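> Attaching a single structure in structure tokens format; questions to follow.
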Amino acid sequence: MAPTARDLSRGRMKNVRIYEAKVSLTEHLVQSDPQFQAVYDAVLVQGVIFVIYVLVHDFWIAGSPSIGLNQLALVVGTGSTFFYFLCLEAYLLLCAVAVYPVFLSWVWCHKHGPPLLVGLFYLVVCASHVVLSSVIVSWTVFAAPLANLTALIAGIEQIRLLMKSYSFIRENAYKVLYPWHKDDKEGPAVWYGGQMEPQVGSFSAYLYFLFCPTLLYRDRYPRVTGPINWTNAAGYFVHFLTTIWYMVVLFRYFLFPASFKNEDLVKCYISALLLAFLLLVIIHMCVFHAFANLASEITRFADRQFYNDWWASTSFSSYYRKWNTIVHDWIYSYLFLDLCAISSSKFPAILSTLFLSALMHEYLLAMALGFASPFLMIEFAGLGAIFYFMRTFASRRVANLIVLGCLSLGMANLIFYYTAEIAARTYCPRQNRLERTGRKENDENATDQEPSGKYEAEGNSGSCNSVSKTVVDSYVKKGTSKRIFRAKESVLTYLCSTDKNVEAFYHVFMVMICTAIVYSLVKDSVEAGKPFVDMGYYISGFGPVDQQLRAAVIWLPLKAAVLSVYPFFLVWKSLWFKLGPLANLLFALLFLLYNVAAHTATIYSITHFDLPPVPALFLSVEQLRWTMKSYSFIRENAYKVLYPWHKDDKEGPAVWYGGQMEPQVGSFSAYLYFLFCPTLLYRDRYPQTACVRPLRVLAHLMKCCISLTFVVVLCKEIFDSYPAITNSQPKNFTMQTFMLTLLTCSLWGLVVQFMAGYFFLHSWLNLWGELLKFADREFYSDWWTCTSFSAFYRKWNLLVHDWIKAYIYQDMKDLFRRRWYNRIASLPTIIISAVFHEYVLWAPVRFVLPLLLIMFGLFGGILYFVRPNTESHFWNYFLHTGLQLGVSVMVFVYATEFYARKTYAPSSLGREILEAHNVYRSRHAAPPLQWSSKAAQAAERWAKRLASLGRLEHDPGSGMGQNLYQKSVVGAQLELAGREVVDNWYEEIRNYDYSKPGFSAATGHFTQVVWVGTTHMGAASATQGNSVFVVANYTPPGNVKQNFSENVRRKT
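Sequential numbering of the sequence shown, starting at 2, is according to this note's numbering.
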């Protein structure tokens, strides 16, 4: 028997949504989870810096401080179009309000007339109303025409009011058709939790329902007590406008393609892939957080659960339920449950709900963009349905990564497709909707005229306590300050395993990092016209293989030297019993001499062999690490010799170290293990894991590679995009260029700091901890939640902090023992740490600037003693802002100085080669070449490589055109003329056949010299014995197939 209408209603109402007073999920997480709050604060700081960047960019580039308002005006509309939107909004509200008296008339007719005929008549009336309102709204949007955003809002308002009207009719029609009493022990009196009355709702209740942020009608809702909090309402309003502005600016500056060139379209897709998830989050925050909370604050609506933790979803079925609970509740109540009651299977009900939701989204996009396309329907209802029924058997972390990756990819496809379609319609005037606004059409022959339209390029344009407690528990109680090692995971690993929200954001960050790497690879290949990986920055950082091997060879004797500390310590131990304090003095002098000699040898090796930045940094850090480790070994074991103790003592070292030290001097195997394990404090024993877990080793190794690659990609994008850093175009240097470059660096300052910490303090140290079964992985703490710089210094790097506290801070306090010194005891440690950082930074850049010393030791020292209110969010904002600006300034200044020292005017040989090129190019009507420092640096590096090999071969990873030359001369470079080199290449003109243009090994040097498309070059030489090797690099490269006829011109 088919179910009756009453059965359907009863089945639906058993799953009634009951409203309760709840804050939105983001508000709850910010208030209850310090980790989430810190991430939220960091994102807000990044957003403020982005606003400043756009402000300065518009002011200097466009000449007016519009902060992107010119783009915002395009999508919001002005003048008459906005007036049309207000009229349309008034019409929709009037139609929605008219539903109430129409429903009351149905109630009266139902009681006094034939129910079936009355029901059919009013059903026809309602259907006609829906069709008529849709036609009027669509006609107004397209004929007015409305701007994009106002058209989208009009469509949303139409659907919202229709869904609200339907909910009101459904809930109140049940009262008329199946009367009930509020004192009933079952049925609606229980289902609604007391939020519905037996009689039809009042007009005031219906009017409130039309404006409150929900789609399910109730006679009563939980409300916020007291008056409206206008401060919160203003904050949500600013948040709403800011997110709209962000979306508009991202589309204008980063996502909208400039032309129809294949390269631009590919770059557009990669940009969409890179920013897809960011846009998804911004859209969600705009609608479901900012706007919905704004409406709730004004209407005092207390149930703010408009979404759930969709970012932690492990399947698309849970994502669809959590993304938008407002619409989900309506579809679930009035479509899904009704279809389930009709059919015994949920399958058609799920497909129908997905199809209806996709259809509504497609309708809204058509209203906003002016055209309909089935692409969203295919992704939402087609692929979305397939993914909805998929159940992954992977772990929760892998499943969450899959969901986030698919969301990013799907969002990127939608962004790319619709922006490309908009571009096509904008650049084709007859198909552009905005041509109907009253502007006259251009002459049909003026097809090359600059396009006009709304998208035209504008010329003016877990808990904190649990994390912090692990740091406190790592030490014995007051009086000893001895670090006790315990089996603990890293903070990030711990948070990901206990807090699904932190884990989800971690997955989002990893997906965006991998997307950025793919973006860089595709961009390099598109620009090169073939599959290509630009290894220039990798080679510049790591150097050629022979330089890396040389660094490894230098590392071996330095390692042997630190191993010799152990036998020398044993010699001191035996001499101390005979010589007493004299042995102490001799050994101290010997240890000092060892450190001076080791660091001197390190500095000499770096400068003498001119090691690349990364090997040089590796050697300096390694030697400094060995100095700190050997000092810790001597200090901890010398105490055993000078002040003997027994392991059964009830106080002293037997208690201080928690059983991790023995009374006798540690063995050589313990010392050897200590030199490799990730800690700077010596103990005879450390907590260890049961075994080495290969999968974890592989995971940490992959994280190291990914994070290091991302840092290289980030630096490459910044440095290549802004020549003010690399000094590649010194004639174009202006204050404007420098300021824009500095602001660009400020956008990425916090990301650079986080990635540096993630690479070394998390991935690298966890890798070695896993390989050595070292169980205490607390290498850092939750520094992102700090509200003061003193807490940040303590939590950022626990390895160095523990060493400084044990052997500098505590020793100096014991030495002075003055009350006044206790107030400034941290200042010497800050200065010493700043000096060490300056020394480490010298190795890769080869110069010393006092900038880091000033920012770390001076400003950091001053801010260290600021004691803010730890309960205020402002100080966490202040910390992130200070860190972001400080790191960005250091990146900008050190990178600029580094390239300035490497950038030099062409040498006499390079100048002669450049002049000879331009002489010959003038004979072939080719424009003169300009000098490129980047090409010259690559040429110098490869020339040295050829000199070491003793033969000629092309650089496969340069990505540039290249000519090579070798000659044996007396006096090497001093007697080699640049004109002679170019003459040798140009002489190949005799072999070139202009009637059959193309590449030949016998003419390749000549064609590259006169290639019209090449604009820059750089040259360098290197000597080996009596042989000189010359390398010339060209950008863009020449000798491109099928382009010879237009690039190799006849001699004039």
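Glycine included, C-beta positions come from ideal geometry on N, C-alpha and C. Remember, predicted model here, so these are calculated numbers, not experimental data.
Could you check the C-alpha separation between Phe533 and Arg942 for me, to the nearest Å?
Taking the straight line from one Cα to the other gives about 20 angstroms.
> For Leu591 and Lys524, what's the separation of their Cα atoms in angstroms?
So the alpha carbons of these two residues sit roughly 56 angstroms apart.
> Pull up the distance between the alpha-carbon of Ile53 and that of Val46, whole angstroms please.
In a straight line, the C-alpha of Ile53 is about 11 angstroms away from that of Val46.
> So Val888 and Leu751 are in contact, right, with Cβ under 8 angstroms, and what is the actual spacing, rounded?
The pair is a contact, with the Cβ atoms about 7 angstroms apart (cut-off 8 angstroms).
> Whose CA, out of Thr1008, Ser1028, Gln306 and Asn1034, lies closest to the CA of His1017?
Ranking Thr1008, Ser1028, Gln306 and Asn1034 by Cα distance to His1017 puts Asn1034 first.
> If you run the structure through DSSP and keep just helix, strand and coil, what is Pro452?
Residue confidence for Pro452 is low, a pLDDT of 31 falling below 50, so the modelled location carries little weight and cannot support an answer.
> Runs of 4 residues minimum, wholly inside the region 850-928: which ones carry the alpha helix (DSSP H) assignment?
Runs found: 861-865, 875-903 and 909-924.
> Could you give the first and the last residue of the continuous alpha helix (DSSP H) run that contains Gly156?
Segment Asn149 to Leu178, the alpha helix (DSSP H) holding Gly156.
> Could you tell me which residues DSSP pairs with Tyr320 in its beta bridges?
Answer by DSSP bridge pairing: none, since Tyr320 is not bridged.
> Give every residue of the same chain whose Cβ lies closer than 7 angstroms to the Cβ of Gly439, excluding the five residues on either side of it in the sequence, and list them in chain order.
A caution first: Gly439 carries a pLDDT of 40, below 50, which makes its placement in the model unreliable, though a value can still be read off. Result list for Gly439: empty, nothing under 7 angstroms.
> Give a yes or no on whether the C-beta atoms belonging to Tyr308 and Phe289 are separated by under 8 angstroms.
Cβ distance < 8 angstroms, so Tyr308 and Phe289 count as in contact.
> For Val512 and Leu405, which I take to be in contact (beta-carbon distance under 8 angstroms), what is that distance rounded to the nearest angstrom?
Between Leu405 and Val512 the Cβ distance is about 5 angstroms, and since that is below 8 angstroms, they are a contact.
> Can you tell me whether Lys483 is buried or exposed, with buried defined as 16 or more other CB within 10 angstroms of its CB?
Result: buried.
> Going along the chain, which residues of its own chain have a beta-carbon closer than 6 angstroms to the beta-carbon of Leu274, five neighbours each way excluded?
Taken in chain order, the residues that qualify are Ala413 and Thr516.
> How far does the alpha helix (DSSP H) with Leu681 in it extend, from its first residue to its last?
Premise fails: Leu681 is in no alpha helix (DSSP H) and is neither H nor E.
> Three or more C-beta pairs under 8 angstroms: does that hold for the region 649-667 against the region 758-768?
Short answer: they don't touch.
> Using a 10 Å radius around the Cβ and a threshold of 16 neighbouring Cβ atoms, would you call Met286 buried or exposed?
With 16 or more other Cβ atoms within 10 Å, it is buried.
> Which same chain residues end up closer than 7 angstroms to Gly951 when comparing Cβ atoms and leaving out the 5 residues on each side of it in sequence?
For Gly951, where only same-chain residues beyond five positions count, the Cβ hits under 7 angstroms are Gln1025.
> So who's on the other strand from Tyr1035, going by DSSP bridges?
Paired residues: Gly962 and Met1018.
> How is Phe533 classed by DSSP in three states: helix, strand or coil?
If DSSP states are grouped into helix, strand and coil, Phe533 belongs with coil.
> Which same chain residues end up closer than 8 angstroms to Leu211 when comparing Cβ atoms and leaving out the 5 residues on each side of it in sequence?
Within the same chain, Leu211 has close Cβ partners Leu94, Ala97, Val98, Leu162 and Lys165.
> Helix, strand or coil: how does DSSP classify Leu30 here?
Correct three-state label for Leu30: helix.
> Could you say which of Phe388, Ala342 and Leu366 lies nearest to Leu355 if we only look at CA atoms?
The candidate whose alpha carbon is nearest that of Leu355 is Phe388.
> With contact counted as at least three CB pairs below 8 angstroms, one residue from each stretch, are the region 362-371 and the region 315-335 in contact?
Flag = no, the region 362-371 and the region 315-335 do not touch.
> When you compare each of Glu504, Ile514 and Ile154 to Cys706 by their alpha carbons, which one comes out closest?
Comparing Cα positions, the closest option is Ile514.
> DSSP state of Trp181, grouped into three classes?
Coil.
> Verify the contact flag: Arg991, CB atom, against every heavy atom of the ligand NAP, threshold strictly below 7 angstroms.
Here there are no bound small molecules, and the ligand NAP is not part of this structure.
> Taking His240 as part of the alpha helix (DSSP H), name the residues at either end of that continuous run.
It spans Trp231 to Leu251 - the alpha helix (DSSP H) in which His240 sits, taken as one unbroken run.
> What did DSSP end up calling Ala1023 once you bin it into helix, strand or coil?
Here Ala1023 sits in strand by DSSP.
> Could you please give me the residues that DSSP links to Gln661 through a beta bridge?
Note: Gln661 sits in no beta bridge, so no partner.
> For Val126, which three-state DSSP category applies?
In the structure shown, Val126 sits in a helix (DSSP, three-state: H, G or I).
> Check for me: the alpha helix (DSSP H) holding Met368 runs from which residue to which?
It spans Phe348 to Leu370 - the alpha helix (DSSP H) in which Met368 sits, taken as one unbroken run.
> Helix or strand or just coil, what does DSSP make of Trp1012?
In this structure, Trp1012 counts as coil in the three-state DSSP scheme.
> What is the DSSP secondary structure of Trp932, counted as helix, strand or coil?
In this structure, Trp932 counts as strand in the three-state DSSP scheme.
> Taking C-beta to C-beta, are Ile19 and Tyr209 nearer than 8 angstroms?
Cβ atoms of Ile19 and Tyr209: not closer than 8 angstroms.
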